[in-house]
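The structure under discussion appears below in the form of structure tokens.
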Amino acid sequence: MQEEHGFLEKRCADLEEENQRLTDKLKQLESAQKNLENTNNQLRQAEEKIAIEKTELEREIARLKSLEGMGAKSDLDLHNRRLASA
1 MQEEHGFLEK
11 RCADLEEENQ
21 RLTDKLKQLE
31 SAQKNLENTN
41 NQLRQAEEKI
51 AIEKTELERE
61 IARLKSLEGM
71 GAKSDLDLHN
81 RRLASA
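For the sequence shown, UniProt numbering begins at 1 and goes up steadily by one.
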């Protein structure tokens, strides 16, 4: 009987130790999950910012191309006027 009691005490101590180890591991995993969620949120925000900047750059490129086209037309008009007056 005492032998069984000793076995059960040892088993109980082993289970408590395993429980503590698993509790610690769970805390580590929860912390890692929280860090990943934060990183994902930061990446999502960066992605949104990049998309906005890309749109702004595309608009600026279109505006500059439009101005470039106007400049080329103005140069051509000036050249034509010079030819006409010559």
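We put the beta carbon where it would ideally sit given N, CA and C, even for glycine. Fair warning: this is a prediction, and the values are worked out from it, not measured in the lab.
Linking residue 46 to residue 36 through their CA atoms gives a straight-line distance of about 15 Å.
In the three-state reduction of the DSSP assignment, residue 1 falls in the coil class. CA-to-CA, the gap between residue 15 and residue 23 works out to about 12 Å.
Within the model, the alpha-carbon separation for residue 11 versus residue 44 is close to 48 Å. When rounded, the separation of the alpha-carbon atoms in residue 25 and residue 9 is 24 Å. If you draw a straight line from the Cα of residue 17 to the Cα of residue 39, it comes to about 33 Å.
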